[in-house]
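If you use my numbering, the sequence shown corresponds to residues 20 to 196, in order. By construction, the Cβ of each residue, glycine as well, lies at the ideal position given by its N, Cα and C atoms. No experiment lies behind these values; they were computed from the predicted model shown.
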Amino acid sequence: MEAIHQASYADILIEREVLMQKYIHLVQIVETEKIAANQLRHQLEDQDTEIERLKSEIIALNKTKERMRPYQSNQEDEDPDIKKIKKVQSFMRGWLCRRKWKTIVQDYICSPHAESMRKRNQIVFTMVEAESEYVHQLYILVNGFLRPLRMAASSKKPPISHDDVSSIFLNRFVLDK
20 MEAIHQASYA DILIEREVLM QKYIHLVQIV ETEKIAANQL RHQLEDQDTE
70 IERLKSEIIA LNKTKERMRP YQSNQEDEDP DIKKIKKVQS FMRGWLCRRK
120 WKTIVQDYIC SPHAESMRKR NQIVFTMVEA ESEYVHQLYI LVNGFLRPLR
170 MAASSKKPPI SHDDVSSIFL NRFVLDK
């Protein structure tokens, strides 16, 4: 009987210890959350002050912009002859820039560097085309000849043996590796 009481009391002590550990863990979590909440509160306060500073900066910039507007309205009230002169100057600058650019491009096209780049590109394109043709020819070789001959060599009455197929397509097998 005494053993039964001690066993149940020991279980209660173990459960109490487990519950105490859970309680301590929850208290630690609550403390951590309080610290995090305080940090967030401080961040919000800092951001509020930053927002206020930025608002005042925007107001100052808007005031500066307002002060500059009278100068801009003076430009709109310019003499029509001056506007025409500015327009002609703008067209001339554009024409001069286009002419200069055309000269630069023409000089480059005639340069040795451009010629060597054209030759290089032509060689590269030729190599790519040749490689593509080579791959196509290999495809024809495999699908048109190698596979049918292998299948024929595997038939009951083979017209050609596997050794003959291997000797005919020896270089093709080397290329696969």
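Self-check item: Segment contact, 8 Å Cβ cut-off, at least three pairs: the stretch 181-189 with the stretch 165-173
Solution: yes
Quiz item: In the structure shown, what three-state DSSP assignment does GLU21 receive?
Solution: helix
Practice problem: Measure the beta-carbon distance from LEU168 to ILE179 and round it to whole angstroms, keeping in mind my assumption that it falls under 8 Å. | Solution: Right, their Cβ atoms sit about 6 Å apart.
Self-check item: Boundaries of the alpha helix (DSSP H) in which CYS129 is found, first to last residue
Solution: Unbroken run through CYS129: none, as it is neither H nor E.
Quiz prompt | PRO167: first and last residue of the uninterrupted alpha helix (DSSP H) it sits in | solution = 166-172
Quiz prompt | ASP98 in three-state terms, based on DSSP | solution = Residue state, collapsed to three classes: coil.
Self-check item: Run of the alpha helix (DSSP H) containing SER180, from where it starts to where it stops
Solution: Unbroken run through SER180: none, as it is neither H nor E.
Quiz prompt | Pairwise C-alpha distance: CYS116 and ARG137 | solution = 27 Å
Quiz prompt | C-alpha gap between GLN141 and CYS129, whole angstroms | solution = 17 Å
Quiz item: In whole angstroms, what is the alpha-carbon distance linking ILE54 and THR68?
Solution: Looking at the two C-alpha atoms, the distance is approximately 21 Å.
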